Amino acid sequence: MWFLNATCEVPEAEPNADPVDFLGIDLGIVNIATTSDGEILAGRRLNRSRGRERQLRTTLQRENTPSVRHRLKKRRRKEARRARDTGTPARRAL
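Quick note: the sequence shown uses the numbering used here, first residue -15, plus one each step.
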């Protein structure tokens, strides 16, 4: 059995000091996204649905049965999916 270990020197590429197009995006809780250009994507629909889900979750959590825990788990997955799907058109718009 033979092994070959070879090393070589490769010059590092210099970083681009003057990028042509770039956009910084800050993902938040109140606003879905804020860009470095100052554009704010509010996500009012998502915040409204989160409020409704929060109210429903508090009423369901008072009952502590296996079926309620299963329904809460299902709703949690649905809320995560809704948040992910709401962000997709916003990302495409940018």
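For glycine and all other residues, C-beta sits at the position ideal for the given N, C-alpha and C. No experiment lies behind these values; they were computed from the predicted model shown.
Pick out the complete alpha helix (DSSP H) segments inside the stretch -3 to 70, 4 residues or longer, and give them in chain order.
Listed in chain order, they are 28 to 46.
Under 8 Å between the Cβ atoms of Arg41 and Arg66?
In the sequence shown, the residue the question calls residue 41 occupies position 57. In the sequence shown, the residue the question calls residue 66 occupies position 82. Contact: no.
Can you tell me the Cα-Cα spacing of Arg34 and Leu(-12), whole angstroms?
To locate residue 34, count along the sequence shown from 1; it is residue 50. To locate residue -12, count along the sequence shown from 1; it is residue 4. A straight line joining the alpha-carbon of Arg34 with that of Leu(-12) spans about 58 Å.
Leu25 burial status per 10 Å Cβ neighbour count (16 or more: buried)
Counting from 1 along the sequence shown, the entry for residue 25 is found at position 41. Counting of Cβ neighbours within 10 angstroms places Leu25 among the buried residues, the total reaching 16 or more.
Chain-order list of residues whose beta-carbon lies under 6 Å from that of Asp10 (same chain, five-residue window excluded)
Position 26 of the sequence shown holds residue 10. These residues qualify, in order along the chain: Thr18.
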